[in-house]
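Student: In terms of the numbering used here, the sequence shown opens at residue 43 and continues consecutively.
All C-beta atoms, glycine included, are put in the ideal place defined by N, C-alpha and C.
Remember, it's a predicted structure, so these values are computed and weren't measured experimentally.
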Amino acid sequence: MAKDAITGARTRFGNQRSHALNSSRRSWKPNLQKVTVKINGSAPKKVYLTARTLKSGLKNGSIERV
């Protein structure tokens, strides 16, 4: 299972609840993207990042797209 290279985000599991409170198992998957980036000025590397991590990293300058 893939995970975010920076935050470690991965698939979460829990219960789906109906209006009658019946439960069934379900999963929440992060929006993982495979991108080539430089993290804090390191060499270019292909990693999995969530869209949220990528957006905030590009905004604050810790991630540079290659």
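(1) In three-state terms, what does DSSP make of R94?
(2) Tell me which same chain residues have a C-beta within less than 8 Å of the C-beta of M43, skipping the five on either side of it?
(3) Please report the residue range of the beta strand (DSSP E) in which N32 lies.
(4) If you drop the 5 nearest sequence neighbours on each side, which residues of the same chain put their C-beta closer than 8 Å to that of T92?
(5) In angstroms, rounded to a whole number, what distance separates the CA positions of V77 and V108?
(6) Could you check the C-alpha separation between I81 and R94 for me, to the nearest Å?
Tutor: This is what the structure holds:
(1) Looking at R94 - three-state DSSP - the assignment turns out to be helix.
(2) If we look at M43 and ignore the five residues flanking it on each side, its Cβ neighbours are R52, T53.
(3) The structure shown has nothing for residue 32, since the chain only spans 43 to 108.
(4) Excluding positions up to five away in sequence, the list reads D46, T49, A51, P72, N73, L74, Q75.
(5) So the two alpha carbons sit approximately 9 Å from each other.
(6) Each residue's Cα considered, the two are about 15 Å apart.
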